[in-house]
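In this note's numbering, the protein residues as written are 3 to 221. Backbone N, C-alpha and C fix where the C-beta goes; we use that ideal spot for every residue, glycine too.
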């Protein structure tokens, strides 16, 4: 989405990414909130900042086993993020979640790859413990269902095992947490590895914005 420019400073790249994420979030909320409902209220009620940490040895074993069965290429961590998103959509929206008529019920999910220590790097460091920081904004129709999943320890454990997730850190979003240049702190935090990766590409697939755009047919 964004091109790398040698003259761009790290803060400006971070600002561009986080501003773009914020714009997507604002567009989604505007399209789904009530007419007189404040954006900040919708965001606090329906928004979550979720960090996904993986059991990497188990994930590797499962991916290798899957490749032997279906012959598919190696899946990236962002592919796994998309699979988790699709699974939750199926749980919350129904088995026909992929049909265009159900598109507006699906949550917005923005996921960014991160590595240990990226906050303190001056240049890209050793890639250790890859994990995903993500912002999820649920629709009013799916929020309660998601909270029920979180409250069901057995169900949540099954999901974690299914996707080789070691830990889920889930926090409510706060609309008013902004940095000095106006971007959301959560959006800025998500972009910190991408800033380094933009200057020195180590991972080609480092973020996803879901759902993918649906092309509307013209009759």
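### Query
DSSP on residue 72, reduced to helix/strand/coil?
Because residue 72 sits at a pLDDT of 49, beneath the cut-off of 50, its placement in the model cannot be relied upon, and the point is left open.
### Message
Is the beta carbon of residue 87 closer than 7 Å to that of residue 212?
### Response
yes
### Task
Would you mind reading off the limits of the beta strand (DSSP E) that contains residue 49?
49-56
### Message
If I measure Cβ to Cβ from residue 73 and keep anything under 8 Å in the same chain, skipping five residues before and after, which residues do I get?
### Response
A caution first: residue 73 carries a pLDDT of 47, below 50, which makes its placement in the model too unreliable to give a value.
### Query
When burial is assigned at 16 or more other CB atoms within 10 Å of the CB, is residue 214 buried or exposed?
exposed
### Query
How close, in whole Å, do the beta carbons of residue 210 and residue 113 come, if the pair is a contact with beta carbons under 8 Å?
5 Å
### Task
Starting from the Cα of residue 135, find the closest Cα among 43, 92, 79 and give me that residue.
79
### Query
Do residue 52 and residue 172 have their C-beta atoms within less than 7 Å of each other?
yes
### Spatial neighbours of residue 21 in its chain, beta-carbon cut-off 6 Å, leaving aside the 5 residues before and after
185
### Straight-line gap, residue 33 to residue 46 (C-alpha atoms, nearest Å)
16 Å
### Query
Any contact of the region 102-109 with the region 137-145, i.e. 3+ C-beta pairs under 8 Å?
yes
### Query
Among the residues of its own chain, which have a CB less than 7 Å from the CB of residue 84, if the five just before and after it don't count?
210, 212
### Message
Applying the 10 Å Cβ sphere with the 16-neighbour rule, what's the burial state of residue 193?
### Response
buried
### Query
What's the gap between the Cα of residue 100 and the Cα of residue 199?
32 Å
### Task
Could you tell me if residue 115 is buried or exposed, where buried requires 16 or more neighbouring beta carbons within 10 angstroms of its beta carbon?
buried
### Message
Could you compute how far the alpha carbon of residue 49 sits from the alpha carbon of residue 142?
### Response
11 Å
### Helix, strand or coil at residue 18 according to DSSP, with G and I counted as helix
helix
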